[in-house]
Amino acid sequence: MEHARPFIVWFGVTFDLSIILTSTFAALATVVIVLLGSRKLTISTPRGMQNFIEWVIEFVQDIMQTAMGFTDNLFILSTGVSLLLYLFISNLMGIPFSFVANNNTWWKSPTADAHVTMTLAIMIMVYTHFIDIRLHGFKHYFLSFFKPFKALFVINITEQFCTTLTLGLRLYGNIYAGEVMLELLAGAINKGIIAAILAAFPMVIWQAFCLFIGAIQAYIFVTLTMVYIAHRVT
Amino acid sequence: MGDFEIFGIPVSIGTMIYQALLFTVLVFFLKKYAFKKIINIIEGRKQHIENQLELSEKYRLEAEKSLETNNEMLKQAKRDAREIVKEGERKSRIIIDDAREEAKQIVKEAKEYALLTRSQVHEKKSNHKGG
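Written out as structure tokens, the structure is:
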């Protein structure tokens with residue numbers, strides 16, 4: 011059931027080639043979609059892709075507005091929009107098919123691997139700490155671990171690790187579970203024609219559900235990112 | 004296979020480094036080449052619409068004011084017209100009355116003249132008879 015990964019060692023560290031392939035594809039797809047949307051910008055009625063990109067941006071601006079009360083920080087907005095598109099595309103990549111060669115998985119959702127989601131979660135948590143230090147100074151940041159009183163220091167530290175873990179593993183778990191289920195259903199093709207026909211219908215339903223989960227999880231990830239940043243900003 | 008293990012889970016640090024670089028580049032690239040422009044366009048449109056709304060409000064007020072003056076003018080014109088008609092009627096009545104009076108006078112004069120002429124004729128006749 012569980013296939014190996016195409017690992018390679020460069021400069022003493024291991025790289026997972028399949029994740030490099032799929033995540034690069036997702037990033038390029040995001041870039042292509044956004045550049046298509048910003049190619050012929052018009053100030054009058056937006057059409058086609060520009061309309062879509064503006065809708066996505068306004069969607070993220072709405073999330074920002076509810077979480078932190080302002081939308082004029084271009085970096086946070088860019089992070090939110092990039093995250094939303096990148097994660098949504100990543101979550102969908104494993105739904106139509108997965109590709110296995112020589113018992114190595116080459117094509118699946120990059121977000122079905124904890125490396126990707128945990129890296130994003132760690133980056134976001136590091137950014138929240140960074141922005142707190144930059145906005146309020148190191149002293150305020152340091153003292154915030156002793157609030158509301160000193161005894162909670164351990165809990166505050168634990169909280170930071172837990173939010174990072176839950177942020178990353180929630181996305182990973184949802185997408186990974188969806189792909190395991192898809193793989194099981196697709197495996198029915200080897201068990202004879204009747205099993206394949208019986209599995210075809212739930213397969214389609216589960217793919218639709220995976221689409222839904224992919225959209226919801228991307229939305230949740232962006233919303234939580236905004237909430238965590240808002241905790242530190244305000 | 005991985006560089007090290009956390010609670011038995013293999014971690015390949017290279018994948019994570021690549022992922023971090025990829026996403027950082029993605030965010031900064033899109034921010035610089037796309038989102039800045041799109042946000043400017045959205046802000047510009049917002050400004051444009053606000054200006055248009057302000058302008059339309061101004062025009063609405065102006066239109067209301069000019070409509071009011073127009074109504075006032077119309078009312079004044081109607082009042083003037085009524086007065087002129089009334090004045091005209093009064094004058095025409097006077098003229099008609101004068102004319103009637105004059106006509107009566109003329110008729111009266113004509114009757115008197117006729118009477119006079121007739122009596123003169125009568126007198127001549129009687130003179131003729133007697134002669």
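Heads up: the protein sequence lines correspond to chains A and B, in order. When we follow the working numbering, the leftmost residue of the first sequence carries the number 11, and every step to the right adds one. When we follow the working numbering, the leftmost residue of the second sequence carries the number 4, and every step to the right adds one. Glycine included, each C-beta is placed from N, C-alpha and C at the ideal position. These numbers were taken from a predicted model, which means no experiment stands behind them.
Considering just the uninterrupted stretch of the beta strand (DSSP E) at residue i, what are its terminal residues?
i: Phe17 (chain A); result: Phe17 to Trp20
i: Pro13 (chain B); result: Ile12 to Val14
i: Ile9 (chain B); result: Phe7 to Ile9
i: Ala111 (chain A); result: Phe109 to Ala111
Figure out for me which residue from the options has the closest Cα to the Cα of residue i.
i: Ile67 (chain A); options: A:Leu84, A:Ser54 and A:Ala124; result: A:Leu84
i: Thr233 (chain A); options: A:Val44, A:Thr34 and A:Asp72; result: A:Asp72
i: Asn112 (chain A); options: A:Ala39, A:Ile105, A:Pro16 and A:Ile99; result: A:Pro16
i: Ala240 (chain A); options: A:Phe140, A:Gly58 and A:Ala36; result: A:Phe140
i: Arg242 (chain A); options: A:Val44, A:Ile86, A:Ala36 and A:Phe35; result: A:Ile86
i: Tyr186 (chain A); options: A:Thr52, A:Gly104, A:Leu46 and A:Phe69; result: A:Gly104
i: Ser100 (chain A); options: A:Gln227, A:Val214, A:Met236 and A:Tyr238; result: A:Gln227
i: Tyr96 (chain A); options: A:His13, A:Ser33, A:Tyr182 and A:Phe21; result: A:Ser33
i: Asn114 (chain A); options: A:Ile43, A:Leu27 and A:Ala122; result: A:Leu27
i: Thr235 (chain A); options: A:Phe107, A:Tyr137, A:Asp123 and A:Val41; result: A:Tyr137
i: Tyr21 (chain B); options: A:His146, A:Ile165, A:His125 and A:Met191; result: A:His125
i: Lys40 (chain B); options: A:Arg57, A:Thr55 and A:Ser88; result: A:Ser88
i: Val110 (chain A); options: A:Val164, A:Ala218 and A:Glu193; result: A:Glu193
i: Ala218 (chain A); options: A:Ala198, A:Ala205 and A:Met191; result: A:Met191
i: Thr81 (chain A); options: B:Asp101, B:Ala66, B:Arg121 and B:Ile45; result: B:Ile45
i: Ser108 (chain A); options: A:Gln170, A:His13, A:Leu162 and A:Leu38; result: A:His13
i: Ala131 (chain A); options: A:Gln170, A:Ala198 and A:Leu102; result: A:Gln170
Just the Cα atoms here: how many angstroms apart are residue i and residue j?
i: Ala196 (chain A); j: Glu189 (chain A); result: 10 Å
i: Lys157 (chain A); j: Tyr151 (chain A); result: 11 Å
i: Ile29 (chain A); j: Met74 (chain A); result: 30 Å
i: Val19 (chain A); j: Pro13 (chain B); result: 14 Å
i: Leu31 (chain A); j: Trp117 (chain A); result: 8 Å
i: Leu221 (chain A); j: Ile230 (chain A); result: 14 Å
i: Lys78 (chain B); j: Glu71 (chain B); result: 11 Å
i: Val70 (chain A); j: Glu64 (chain A); result: 10 Å
i: Phe21 (chain A); j: Ser15 (chain B); result: 13 Å
i: Lys49 (chain B); j: Ser48 (chain A); result: 18 Å
i: Leu94 (chain A); j: Lys160 (chain A); result: 37 Å
i: Met11 (chain A); j: Met213 (chain A); result: Confidence is the limiting factor: at Met11 (chain A) the pLDDT is only 44, short of 50, which leaves the residue's position unreliable and the question unanswerable from this model.
i: Ala84 (chain B); j: Ile98 (chain B); result: 21 Å
i: Ile76 (chain B); j: Ser69 (chain B); result: One point to set straight first is that residue 76 (chain B) is Met, not Ile, in the sequence displayed. Taking the straight line from one Cα to the other gives about 10 Å.
i: Glu60 (chain B); j: Gly58 (chain A); result: 32 Å
i: Leu118 (chain B); j: Asn130 (chain B); result: 18 Å
i: Asp123 (chain A); j: Lys50 (chain A); result: 36 Å
i: Asp142 (chain A); j: Ile53 (chain A); result: 36 Å
i: Pro120 (chain A); j: Leu24 (chain B); result: 15 Å
i: Val110 (chain B); j: Lys81 (chain B); result: 42 Å
i: Leu181 (chain A); j: His51 (chain B); result: 41 Å
i: Asn43 (chain B); j: Arg63 (chain B); result: 30 Å
i: Glu67 (chain B); j: Glu57 (chain B); result: 15 Å
i: Lys128 (chain B); j: Thr120 (chain B); result: 12 Å
i: Leu102 (chain A); j: Thr55 (chain A); result: 30 Å
Assuming contact is defined by CB atoms lying nearer than 8 Å, are residue i and residue j in contact in what I supplied?
i: Gly90 (chain A); j: Thr127 (chain A); result: no
i: Thr173 (chain A); j: Met135 (chain A); result: yes
i: Val237 (chain A); j: Ala77 (chain A); result: yes
i: Ser154 (chain A); j: Leu29 (chain B); result: no
i: Ala37 (chain B); j: Leu208 (chain A); result: no
i: Gly17 (chain B); j: Thr24 (chain A); result: yes
i: Phe62 (chain A); j: Ala225 (chain A); result: no
i: Val41 (chain A); j: Phe32 (chain B); result: yes
i: Ile291 (chain A); j: Asn184 (chain A); result: A query on residue 291 (chain A) cannot be resolved here, the shown segment of chain A reaching from 11 to 244 and no further.
i: Met19 (chain B); j: Thr129 (chain A); result: yes
Note the first and the last residue of the continuous alpha helix (DSSP H) segment covering residue i.
i: Phe85 (chain A); result: Leu84 to Met103
i: Phe219 (chain A); result: Ile203 to Val243
At a threshold of 7 Å, does residue i count as lining the ligand NAP (C-beta to nearest heavy atom)?
i: Leu87 (chain A); result: Although the ligand NAP was asked about, the structure shown includes no ligands whatsoever.
Which complete alpha helix (DSSP H) runs does the segment 118-189 of chain A hold, if anything under 4 residues is left out? Correct list: 124-153.
Which runs of the beta strand (DSSP E) at least 3 residues long sit entirely within the segment 19-65 of chain A? Give them in chain order. Complete beta strand (DSSP E) runs here, min 3: 23-26.
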